[in-house]
Amino acid sequence: MTATGSPVDGGLAVAAIVLSLLVAGWALATTLRHRPPDRVQLIGLGALELLLLALAVVAAVALGGGAQPGEPGAFFGYLVTLVCLPPLAAVLARMEPTRWGSAIVCAVCLVTPVVVVRLQQTWEVLGG
111 MTATGSPVDG GLAVAAIVLS LLVAGWALAT TLRHRPPDRV QLIGLGALEL LLLALAVVAA
171 VALGGGAQPG EPGAFFGYLV TLVCLPPLAA VLARMEPTRW GSAIVCAVCL VTPVVVVRLQ
231 QTWEVLGG
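Counting along the sequence shown from 1, when you hit position 119 you're at 229 in my numbering, and nothing is skipped either side.
What follows is the structure, given as structure tokens:
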């Protein structure tokens, strides 16, 4: 936990955001070269999913310890969405073996940091 008391701030969140943006950049480059999703994108999505699952476990442990998010409904909605994004991107990208599959990966990886930040904001509304 950080000084603000939020379990979803800190190293895991930063690592997830950075990795997500790196995969998005790679996917954008692949899209611009008119290439289908490659192994690097899928491995990146897998690593991103592991980071997001770790973030979810940290949040679950904090909740089990009695901590409360500021907006519980929104927090759980963002948490479920966050964990579902990389697998969804991987499935859709494999279903679309054209440059648009890479564009899907890029779009999802650009949305992921926004959802991480919103997850942090919903925890801190009432001070966590």
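We put the beta carbon where it would ideally sit given N, CA and C, even for glycine.
Just so it is clear, the structure is predicted and the values come from calculations on it, not from any experiment.
Mind checking whether residue i and residue j have CB atoms under 9 angstroms apart?
i, j, result
"Q230", "S116", "yes"
"T222", "P179", "no"
"V226", "A139", "no"
"A199", "T141", "no"
"P147", "G187", "no"
"L163", "V190", "no"
Could you tell me if residue i is buried or exposed, where buried requires 16 or more neighbouring beta carbons within 10 angstroms of its beta carbon?
i, result
"V124", "exposed"
"V167", "exposed"
"V224", "exposed"
"L160", "exposed"
Excluding five sequence neighbours on each side, which residues of the same chain lie with their C-beta closer than 8 angstroms to the C-beta of residue i?
i, result
"L158", "A126, L129, S130, V133, P196, C219, T222"
"G156", "P196, A200"
For residue i, which residues in the same chain have their Cβ closer than 7 angstroms to its Cβ, ignoring the five residues on either side in sequence?
i, result
"T208", "P146"
"C216", "A134, A137, L138, T141"
"L122", "L161, A164, L165, V168"
"A184", "T232"
Please work out which residues of its chain come closer than 6 angstroms, Cβ to Cβ, to residue i, disregarding the five sequence neighbours upstream and downstream, and give them in chain order.
i, result
"V228", "In the sequence on display, residue 228 carries Arg and not Val. Cβ within range, chain order: Y188."
"H144", "R209"
Would you say residue i lies against chain D (beta-carbon separation less than 9 angstroms)?
i, result
"Q231", "Absent here is chain D; the protein component of the structure consists of one chain."
Please tell me whether, using a cut-off of 8 angstroms, the distance from the CB of residue i to the nearest non-hydrogen atom of the ligand SAM is below it.
i, result
"T191", "Summarising the ligand content, the structure contains no ligands, and the ligand SAM is consequently not present."
Task: Any 3 or more C-beta pairs closer than 8 angstroms across the stretch 165 to 173 and the stretch 134 to 149 - done: For the pair of segments examined, the stretch 165 to 173 was found not to touch the stretch 134 to 149: the number of CB pairs separated by less than 8 angstroms stays below three.
- [ ] Please determine if the stretch 141 to 156 and the stretch 186 to 204 are in contact, where contact requires at least 3 C-beta pairs separated by less than 8 angstroms.
- [x] With the cut-off at 8 angstroms, the stretch 141 to 156 and the stretch 186 to 204 touch.
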